[in-house]
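Chemist: Dropping the structure in here first, questions after.
Shown next as structure tokens:
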């Protein structure tokens, strides 16, 4: 079966609940007579979520089309991991609306669709980091310093900042979790608004049903797609 990629615009993926979490894929064998327990990690960890969306009007129609393009569990959804307490555009002097509508032309006009260019703020990797690393080094220029607890990503592999230590000359060492699943080359862009690839747990999940108020609040269970080249 050929799986295809479906990009979900931030303007459509509007969440009323945010619950991104890591499934460490562990199994506990139970408690022994001496009170000790044993935990087995028998699969790669992955990101999971069961967010609720808040949709109305044009967004509702767009989400319906995106969901049907995904064809249930066939499609892989490329999603910006929405996090209202994560990256703050005001800290770098840009419009909050860019998070959803994108960056307009210099004339402040968007495309005819009402959307602008994708707003993709990033910092640069100041040194190469191998797969499995729990510390990375980034160079911050005109971008705000990543914050503890913020989602970041590289090449659609997300992780969370667990510590921030200034080094020198605008460089910072960041503790990250989960450990990197892919190496990050020196000079690579690290997205300040994390993106990831997800599949639906339930093929009928996210159905945008609505009542007389024409507002839909569908829930959708997501799990990170790991089978990548």
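Residue numbers (my numbering): 1 to 229. Heads up, the beta-carbon is just placed ideally off N, CA and C, and yes, glycines get one too.
1. On the DSSP bridge list, what partners appear for residue 121?
2. Could you say which of 46, 148, 4 lies nearest to residue 23 if we only look at CA atoms?
3. Would the stretch 180-200 count as touching the stretch 148-166 if we require 3 or more Cβ pairs under 8 Å?
4. So residue 199 is in the beta strand (DSSP E); what residue range does that whole segment cover?
5. Output the distance between the C-alpha atoms of residue 163 and residue 175, rounded to the nearest integer angstrom.
6. For the pair the stretch 169-186 and the stretch 135-142, tell me if three or more CB-CB distances fall below 8 Å.
7. Rounded to whole angstroms, what's the CA-CA distance from residue 222 to residue 49? Just pull it up for me.
8. Kindly indicate which residue of 120, 129, 19 has the alpha-carbon position closest to the one of residue 10.
9. Just mark residue 187 as buried or exposed, buried being the case when its beta carbon has 16 or more other beta carbons within 10 Å.
10. Quick check on DSSP: helix, strand or coil for residue 63?
11. Counting beta carbon pairs with one atom in the stretch 121-132 and one in the stretch 60-68, are three or more of them shorter than 8 Å?
12. According to DSSP, is residue 173 part of a helix, a strand, or is it coil?
Modeler: Answer, in terms of the structure:
1. DSSP, once it has assigned bridges, lists no residue as partnering residue 121.
2. When each option's Cα is compared against that of residue 23, the closest is 46.
3. Touching, yes, given that three or more Cβ pairs across the two stretches are closer than 8 Å.
4. Annotation: the continuous beta strand (DSSP E) that includes residue 199 extends over 195-200.
5. Just so you know, the alpha carbons of residue 163 and residue 175 end up roughly 5 Å apart.
6. Flag = yes, the stretch 169-186 and the stretch 135-142 touch.
7. Residue 222 and residue 49 have their alpha carbons spaced roughly 5 Å apart.
8. Taking the Cα of residue 10 as reference, the smallest distance to any Cα among 120, 129, 19 is reached at 120.
9. Residue 187 is exposed by the Cβ-count criterion.
10. The three-state reading of DSSP puts residue 63 in helix, counting H, G and I together.
11. Contact between the stretch 60-68 and the stretch 121-132 is absent: fewer than three C-beta pairs spanning the two stretches fall below 8 Å.
12. Secondary structure at residue 173: strand, using DSSP grouped into helix, strand and coil.
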